[in-house]
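Visitor: In this note's numbering, the protein residues as written are 9 to 265. Heads up, the beta-carbon is just placed ideally off N, CA and C, and yes, glycines get one too. There's a structure below that I have some questions on.
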DNA sequence: ATGGTCGCGCAGCGA
């Protein structure tokens with residue numbers, strides 16, 4: 009079973025490239041983030057014609073998450089079900105696909121350390137942990153996939169000296185990822201690749217992609233029963249090349265049946 | 001060269 013996650017930065021702008029990538033990469037499950045679509049504008053039939061069931065949670069101009077699956081898509085949960093108030097932003101959707109409880113998450117960016125949005129980000133990650141507590145067990149097959157907007161370690165940024173005091177690397181953000189790992193999830197990319205300099209996002213500006221100046225912020229965090237079955241993991245840098253790319257590359261995880 | 005780019009949507013913000 010092949011699970012992928014990709015922040016597409018507007019599905020409207022990216023649909024052609026997403027269709028071409030699906031054709032080439034053949035994911036069984038594809039989690040997308042930043043669709044920037046209302047639910048009524050989501051091209052469900054386009055994906056249905058390619059063999060995928062879909063769920064989309066959108067709001068229109070910003071955010072928006074989806075799961076595509078050709079191995080079943082059941083027990084959909086839109087947003088958090090941790091007993092708290094509804095998140096006003098469309099940033100998480102869950103579904104069971106091929107026996108795995110899959111989440112597509114778009115963690116808030118945070119903007120600047122100390123900003124209101126930074127506190128929203130930390131609170132959001134704490135709610136994700138509470139959502140796991142309320143709805144899953146660490147012994148379940150779970151895969152939380154998406155744009156976490158956190159580089160888990162210094163290996164995951166192109167130059168640590170350029171990130172002093174910045175978001176995405178601050179100790180509270182990294183601690184929030186560590187709390188998910190303490191719950192029982194594992195960064196499956198890091199399980200298979202120990203070297204740094206392997207990134208999933210590059211700023212559009214200043215030729216940063218071509219200079220190799222990026223961050224690894226798109227993750228699949230999987231419970232042990234999934235992580236143990238992972239055969240290989242890759243970031244498809246080719247999808248970041250060429251005309252009209254997203255600023256993120258897809259992350260692909262191959263899991264034994 | 002002291003900025004560099006996108007997307008959304010039509011100004012300027014967010015990433």
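First and last residue of the beta strand (DSSP E) that includes residue 12?
Guide: That run of the beta strand (DSSP E) goes 10-15.
Visitor: Is residue 118 near residue 175, with beta carbons less than 8 angstroms apart?
Guide: Yes, Cβ-Cβ distance for residue 118 and residue 175 is below 8 angstroms.
Visitor: Taking the runs of the alpha helix (DSSP H) that are 4 residues or longer, which of them lie wholly in the region 209-263?
Guide: Entirely contained in the region 209-263, the alpha helix (DSSP H) runs reaching 4 residues are, in chain order, 232-235.
Visitor: To which residues of the same chain is residue 30 closer than 7 angstroms at the C-beta, ignoring the five residues directly before and after it?
Guide: Cβ neighbours of residue 30 beyond the five flanking positions: 38, 58.
Visitor: Taking 8 angstroms as the cut-off, decide whether the C-beta atoms of residue 69 and residue 36 are in contact.
Guide: No.
Visitor: Tell me which same chain residues have a C-beta within less than 6 angstroms of the C-beta of residue 18, skipping the five on either side of it?
Guide: Around residue 18: 44.
Visitor: State the Cα-Cα distance for the pair residue 78 and residue 187, rounded to the nearest angstrom.
Guide: Using only the alpha carbons, I get a separation of about 31 angstroms.
Visitor: Any idea what DSSP makes of residue 86, helix, strand or coil?
Guide: Three-state DSSP puts residue 86 in a strand.
Visitor: Tell me whether residue 265 is buried or exposed, calling it buried when 16 or more other Cβ atoms sit within 10 Å of its Cβ.
Guide: Exposed, by the Cβ-count rule.
Visitor: Is there contact here, the region 136-152 with the region 186-205, by at least three beta-carbon pairs under 8 angstroms?
Guide: Output reads yes: the region 186-205 touches the region 136-152.
Visitor: When you compare only the Cα positions, how much space is there between residue 109 and residue 250?
Guide: C-alpha separation (whole angstroms): 34 angstroms.
Visitor: For residue 256, does the count of other Cβ atoms within 10 angstroms reach 16, so buried, or fall short, so exposed?
Guide: Looking at its Cβ environment, which holds 16 or more other Cβ atoms inside 10 Å, residue 256 is buried.
Visitor: For residue 56, which three-state DSSP category applies?
Guide: DSSP places residue 56 in helix when its eight states are reduced to three.
Visitor: Starting from the C-beta of residue 41, find all residues in its chain whose C-beta is less than 6 angstroms away, skip the five residues before and the five after it, and write them out in chain order.
Guide: The residues are 15, 73, 114, 154, 155.
Visitor: Would you tell me roughly how many angstroms separate the C-alpha atoms of residue 61 and residue 165, rounded to the nearest one?
Guide: Distance between the alpha carbons of residue 61 and residue 165 is about 35 angstroms.
Visitor: Using only the alpha-carbon positions, how far apart do residue 55 and residue 169 sit?
Guide: Taking the straight line from one Cα to the other gives about 43 angstroms.
Visitor: State the CB to CB distance for the pair residue 81 and residue 52, rounded to an integer number of angstroms; the pair is presumed to be in contact (CB under 8 angstroms).
Guide: With a Cβ gap of about 11 angstroms, residue 81 and residue 52 do not count as contacting.
Visitor: Please classify residue 84 as buried or exposed, where buried requires at least 16 other C-beta atoms within 10 Å of its C-beta.
Guide: Burial call: exposed.
Visitor: Given the structure, does residue 201 come close to the ligand FAD, in the sense that its CB is under 7 angstroms from one of the ligand's heavy atoms?
Guide: By its list of ligands, the structure shown contains no ligand whatsoever, and the ligand FAD lies outside what it can speak to.
Visitor: What are the boundary residues of the alpha helix (DSSP H) that residue 24 is part of?
Guide: Per DSSP, residue 24 belongs to the alpha helix (DSSP H) from 19-33.
Visitor: Any idea what DSSP makes of residue 202, helix, strand or coil?
Guide: Residue 202 falls in the coil class under three-state DSSP.
Visitor: Using DSSP with H/G/I as helix, E/B as strand and the rest coil, what is residue 193?
Guide: Note: residue 193 maps to strand in three-state DSSP.
Visitor: Going along the chain, which unbroken runs of the alpha helix (DSSP H) with 4 or more residues stay wholly within the region 111-154?
Guide: Those alpha helix (DSSP H) runs which fall completely within the region 111-154 and span 4+ residues are 124-143.
Visitor: Identify which residue in 112, 105, 200, 234 has its Cα closest to the Cα of residue 98.
Guide: Taking only the C-alpha atoms, the option nearest residue 98 is 112.
Visitor: Give me the Cα-Cα distance between residue 231 and residue 216, rounded to the nearest whole angstrom.
Guide: The straight-line gap from Cα to Cα measures roughly 33 angstroms.
Visitor: Helix, strand or coil: how does DSSP classify residue 81 here?
Guide: Reduced to three states, the DSSP call for residue 81 is coil.
Visitor: Considering only their Cβ atoms, is the gap separating residue 259 from residue 228 smaller than 8 angstroms?
Guide: In contact: residue 228 and residue 259 (Cβ atoms closer than 8 angstroms).
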